[in-house]
Structures are given as structure tokens and as C-alpha cells.
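J.: Take this structure first; my questions come after.
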């Protein structure tokens, strides 16, 4: 059987569209920094009242977009992803000083799309505090359908080790979330 | 031709957006802290015992160890602190006030310093405790550095009977 050139042309076009759609780059967006203050010590002899600082439950909001994995824009397949997290200290090293920075996900956000069979997207893991280190560690994962973005994923932080035994200084760090197409 | 142009442009358009990572910042400032307190509040009374027989010396001075120094200290890396003591006001002539600090006791943690030898206080600051870093002693009259006061007769012919009131000033300062 020999296809007519006109039909063959459109088949090639459809395949290229599908292929290129899958090549679309994934996207992650995080907004909302956190710079808490410690409560002043008012009486000689005391340490800080609490060794822990905790942010708002939605201190940072993350949005995740994945390239659609679909066939001719008709059938969408789940596109799995992972979000990894790490920190980069500027100034004194947090861990050397005795401070630890933790992160957890406090919700799922919204969106992410559904499949043709109305199977919803999903987001998993990351619901308990885990320490942010200077190396990437897996934070949470999930899958989207189509071009949909899962947005407003709420993130909460915790700093432990607050004490007068920790050298007085400003401890700053950059928290980087990396999206990995799984 | 339009077909070919579309094929060439579509991948480029598809790849024009996307971000693999995104960052936010976090930070906390731990300030320098220097707090010192004497517990319990109130004054200390010291006296000499009168001799019971003509020709004898004054009896020994009473001692008082009811006072404690409580501190909280947070320092930048590499910084140490000291506690100095001096007399404020007019002390009786012919008499010296002696003070010593015991090693830190009670609750607390950290680098809380080491007491030096006993001091005869003057109106100039002298180091009573040194080598303080980041630490805290706990509060109240069972925590920190226990102080012991006593009097010492320096010059007999300058002594004048009477009651004298003056203050001892303790300062927590960077070295």
C-alpha cells in the first residue's frame, strides 16, 4: 500500500507535533522567602525561650508544569516528576554553627489536570519535615496531565538549634527547588 | 513551503520557555547578647567583731556568699568576654573589700568563663571572670558564679567606726 504524498505529509506533521510537544521544557516556580527574627532574651541566665523557629504553613508556594505526554493532543498520559531541594549558604555554614533548616509540604496546591478517563493528577510525599542540606535531596513527587500546572503547593520551614551557644551572626541561605522529569 | 517553515519553527517555539529550578531565600540573625544579673536582689552586710578584751585586734570580718552572678552571653565567632568588678561610692578607709567567684555551677551550658583569683576591689575595673563565650548560667541564687565577700583591714590607724554603704559594679564586656 502506498500512501498519497498529501496524506503522508500530514502524518509526518502529526508525529512531529507530538514529538515536539513532548520536548517542551518543564517549569518550576517558587516564591516566598523567609527571614524570621528571634525573640530577645530579657533575663540574664536564660537561653532563647525556644530553640525552634517555624514559618507560616504557606511560606513558599511552588508551581510545577510538565511537558504534556499526549498523542495528537487527544490522549494524555501521566507525566511524572520529582522535586528536589538543597540549600546554598552565604556566610557562615548553618550546620557547622549548629543550625538546621527543615522543609515540608503542607498541602497539595491545585491543578495538574486530569486524564481522558478523568483520572486526576497527583502529588505525593514531602509531608514530614526533612532537613535541607547542601546537596540535592528528593522532596516530593507527582504527575500532571496535559499542559496543566499544579500551582500553589504550600511549603513550610523550620529552623532548629537556636541558642546563645551558636555564634552570633546573620545566617543566610538560598533554597533551590529543582524539577526532575521522572 | 509554509509546511516546511512550520515544521522548522515549531520545535523552537516549544523550547522557548521552561525552568528547571527556582530559588527562594531564608535567613535568621542571631544577635550578640550580653546580660548580667546579681541574684538575689538586696544588699550585703559585712562587719568586724569587736574585741572583748582591751589590747586585742578587731575580730575577723564576717563573710557573705549569698550572691550569684547570672549571665547570658552570645558572641560572634572568635570573641570572648570578661566580667570586671569595681567599687562605686566611698569605701571606708583602712579597709579593703575582698571578693572571689567560685566556678560556675547549676544549670546552663556553653562557654561561661573561668574565675580568677580573689580581688581586693578598688574604684578601677578588675577582671573577676574571663574567657566567656557563648553560654548561659541559668537564673536565680543557685546558678552561675557564687560570690564570696569579706573585709580585710589594710591600715589600722586609718580605721574609723561607723556604717558605710557603697556599691560594687559588675560589667560583662568584650575582651
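Protein chains in written order, with my numbering: chain P, 166 to 347; chain L, 1083 to 1257. Glycine is no exception: its CB is placed at the ideal position from the N, C-alpha and C atoms. None of these values were measured; they are calculated from a predicted model.
1. Should the segment 273-288 of chain P be called in touch with the segment 1117-1128 of chain L, which here means at least 3 C-beta pairs below 8 Å?
2. Answer with buried or exposed for residue 1121 of chain L, where buried requires no fewer than 16 other C-beta atoms within 10 angstroms of its C-beta.
3. Need the endpoints of the beta strand (DSSP E) that residue 249 of chain P sits in, please.
4. For residue 222 of chain P and residue 293 of chain P, which I take to be in contact (beta-carbon distance under 8 Å), what is that distance rounded to the nearest angstrom?
5. Is the beta carbon of residue 308 of chain P within less than 7 Å of some heavy atom of the ligand HEM?
6. Here's a check: name, in chain order, each residue in its chain whose Cβ is nearer than 7 Å to the Cβ of residue 224 of chain P, leaving out the five neighbours to either side.
7. My output table needs one value for residue 1135 of chain L: the three-state DSSP class, helix, strand or coil.
8. With a threshold of 8 Å between beta-carbons, can residue 1183 of chain L be considered close to chain P, or not?
9. Can you tell me where the alpha helix (DSSP H) with residue 260 of chain P in it begins and where it stops?
10. Suppose the cutoff is 6 Å on Cβ atoms and the five residues either side in sequence are ignored; what does the same chain contact list for residue 1092 of chain L look like?
11. Can you tell me which of the three DSSP states residue 1102 of chain L falls into?
12. At a CB distance below 7 Å, what residues from the segment 1097-1123 of chain L approach chain P? Give them in sequence order.
13. With H, G and I counted as helix, E and B as strand and the rest as coil, what does DSSP make of residue 1091 of chain L?
14. Find the residues of chain L that neighbour residue 333 of chain P, judging by a C-beta separation of less than 9 Å, and give them in chain order.
15. Taking the alpha carbon of residue 295 of chain P as the point to measure from, which residue in P/317, P/333, P/250 has its own alpha carbon closest?
16. Cutting at 7 Å between CB atoms, please list the residues of its own chain near residue 1219 of chain L, excluding the five before and the five after it.
17. What residue from L/1217, L/1181, L/1212, L/1242 has the CA that sits closest to residue 1249 of chain L's CA?
18. Let me know if residue 1255 of chain L comes out buried or exposed under the rule of 16 or more other beta-carbons within 10 Å of its beta-carbon.
19. Apart from the five residues on each side of it in sequence, which residues of its chain come closer than 8 Å, Cβ to Cβ, to residue 267 of chain P?
20. Who are the near neighbours of residue 1112 of chain L in its chain, counting only those whose CB is closer than 7 Å to its CB and skipping five residues on each side?
21. How would you list, in chain order, the residues of chain L whose beta-carbon sits under 9 Å from the beta-carbon of residue 342 of chain P?
22. The beta strand (DSSP E) spanning residue 1242 of chain L covers which residue range?
23. Is there at least one Cβ from chain P nearer than 8 Å to residue 1090 of chain L's Cβ?
24. Between the segment 306-323 of chain P and chain L, which residues of the former have a C-beta closer than 9 Å to a C-beta of the latter?
25. Near residue 1088 of chain L, what residues of its chain come up, given a Cβ to Cβ distance below 7 Å and the 5 sequence neighbours on each side ignored?
26. Comparing the C-beta of residue 1087 of chain L with each C-beta of chain P, is any distance below 8 Å?
27. Beta strand (DSSP E) containing residue 317 of chain P: first to last residue?
28. Using a Cβ-Cβ distance under 8 Å, would residue 1219 of chain L count as near chain P?
29. Is the beta carbon of residue 336 of chain P sitting closer than 8 Å to the one on residue 262 of chain P?
30. Does residue 1225 of chain L get closer than 8 Å to chain P when you measure Cβ to Cβ?
31. Cβ closer than 7 Å: which chain P residues qualify as neighbours of residue 1192 of chain L?
32. Flag this pair as touching only if the segment 1129-1145 of chain L and the segment 1193-1208 of chain L have three or more C-beta atom pairs under 8 Å; answer yes or no.
33. Looking at chain L, is there any beta carbon in it that lies within less than 8 Å of the beta carbon of residue 201 of chain P?
T.: So, from the listed chains and residues:
1. Segments in contact, no.
2. Along the second chain, read from residue 1 onward, the residue named residue 1121 of chain L stands at position 39. Buried, since its Cβ has 16 or more Cβ neighbours within 10 Å.
3. Reading the first chain from its first residue, position 84 is the one you call residue 249 of chain P. In the DSSP annotation of this structure, the continuous segment of the beta strand (DSSP E) that includes residue 249 of chain P starts and ends at 244-255.
4. Here residue 222 of chain P refers to the residue found at position 57 of the first chain. Here residue 293 of chain P refers to the residue found at position 128 of the first chain. About 14 Å separates the beta carbons of residue 222 of chain P and residue 293 of chain P, which is beyond the 8 Å limit, so they are not a contact pair.
5. For the ligand HEM, the structure offers nothing, since it holds no ligand at all.
6. Working through the first chain from its first residue, we reach residue 224 of chain P at position 59. If we look at residue 224 of chain P and ignore the five residues flanking it on each side, its Cβ neighbours are 197, 199, 320, 321, 322.
7. Working through the second chain from its first residue, we reach residue 1135 of chain L at position 53. Residue 1135 of chain L: coil per DSSP, three-state reduction.
8. For this step, residue 1183 of chain L is matched to residue 101 along the second chain. No, residue 1183 of chain L lies away from the interface with chain P (no Cβ there is under 8 Å from its Cβ).
9. Numbered from its first residue, the first chain carries residue 260 of chain P at position 95. Where residue 260 of chain P is concerned, the enclosing alpha helix (DSSP H) stretches over 259-262.
10. One-based indexing of the second chain puts residue 1092 of chain L at position 10. The predicted position of residue 1092 of chain L is uncertain, since its pLDDT is 47 and thus under 50; a value taken from the coordinates is nonetheless stated next. Result list for residue 1092 of chain L: empty, nothing under 6 Å.
11. Counting from 1 along the second chain, the entry for residue 1102 of chain L is found at position 20. Here residue 1102 of chain L carries a coil assignment [DSSP, helix/strand/coil].
12. Sequence-ordered contacts of the segment 1097-1123 of chain L with chain P read 1097, 1099, 1100, 1101, 1102, 1103, 1104, 1105, 1106, 1107, 1108, 1109, 1110, 1111, 1112, 1113, 1114, 1115, 1117, 1118, 1119 [C-beta pairs closer than 7 Å].
13. Residue mapping note: residue 1091 of chain L aligns to position 9 of the second chain, counting from 1. Since pLDDT at residue 1091 of chain L reaches only 45, below the 50 mark, its modelled position is unreliable, and the value read off the structure follows with that caveat. Correct three-state label for residue 1091 of chain L: helix.
14. As a working mapping, residue 333 of chain P is identified with position 168 in the first chain. Correct list: 1111, 1112, 1113, 1114, 1115, 1156, 1157, 1158, 1159, 1161, 1216.
15. Counting from 1 along the first chain, the entry for residue 295 of chain P is found at position 130. Of P/317, P/333, P/250, the residue nearest in Cα terms is P/250.
16. What you label residue 1219 of chain L is simply residue 137 of the second chain in a count that begins at 1. Here the set comprises 1152, 1153, 1186, 1188, 1190, 1194, 1225, 1226.
17. On the second chain, position 167 is the one that residue 1249 of chain L refers to. Minimum Cα distance to residue 1249 of chain L is reached at L/1181.
18. Here the question's residue 1255 of chain L lines up with position 173 in the second chain. The residue in question, residue 1255 of chain L, is exposed, as its Cβ has fewer than 16 Cβ neighbours within 10 Å.
19. If you number the first chain from 1, residue 267 of chain P lands on position 102. Within the same chain, 294, 295, 296, 297, 322, 323, 324, 325 come within 8 Å of residue 267 of chain P by CB-CB distance, once the 5 residues on both sides are set aside.
20. Residue mapping note: residue 1112 of chain L aligns to position 30 of the second chain, counting from 1. Excluding sequence positions up to five before and after residue 1112 of chain L, its CB lies within less than 7 Å of the CB of 1156, all in the same chain and listed in chain order.
21. Translated into positions along the first chain, residue 342 of chain P becomes position 177. Think of a sphere of 9 Å around the beta carbon of residue 342 of chain P: the chain L residues whose beta carbon falls inside it are 1103, 1104, 1105, 1106, in chain order.
22. As a working note, residue 1242 of chain L is residue 160 in the second chain. Per DSSP, residue 1242 of chain L is not a residue of any beta strand (DSSP E), being assigned neither H nor E.
23. On the second chain, position 8 is the one that residue 1090 of chain L refers to. Here the model assigns residue 1090 of chain L a pLDDT of 46, short of 50, so the residue's position is not dependable and the matter cannot be decided.
24. Going along the segment 306-323 of chain P in chain order, one finds 320, 322 with a Cβ nearer than 9 Å to chain L.
25. The sequence position of residue 1088 of chain L within the second chain is 6, counting from 1. Note on residue 1088 of chain L: pLDDT 47, under 50, position unreliable in the model; the coordinate value appears next. Result list for residue 1088 of chain L: empty, nothing under 7 Å.
26. As a working mapping, residue 1087 of chain L is identified with position 5 in the second chain. Low confidence applies here, because residue 1087 of chain L scores a pLDDT of 47, under 50, leaving its location unreliable and the question unanswered by this model.
27. Position 152 of the first chain, counted from the first residue, corresponds to residue 317 of chain P. For residue 317 of chain P, the enclosing beta strand (DSSP E) has its first and last residue at 314-325.
28. The residue labelled residue 1219 of chain L in the question sits at position 137 within the second chain. It does: the Cβ of residue 1219 of chain L has a partner Cβ on chain P nearer than 8 Å.
29. Taking the first residue of the first chain as 1, we reach residue 336 of chain P at position 171. Taking the first residue of the first chain as 1, we reach residue 262 of chain P at position 97. Yes. Within cutoff.
30. As a position in the second chain, residue 1225 of chain L is number 143, starting the count at 1. True, the Cβ-Cβ gap to chain P drops below 8 Å.
31. One-based indexing of the second chain puts residue 1192 of chain L at position 110. Within 7 Å Cβ-Cβ: 329, 330.
32. As far as the Cβ criterion goes, the segment 1129-1145 of chain L does not touch the segment 1193-1208 of chain L, which means the pair count is below three.
33. What you label residue 201 of chain P is simply residue 36 of the first chain in a count that begins at 1. Answer yes: the Cβ-Cβ gap between residue 201 of chain P and chain L drops below 8 Å somewhere.
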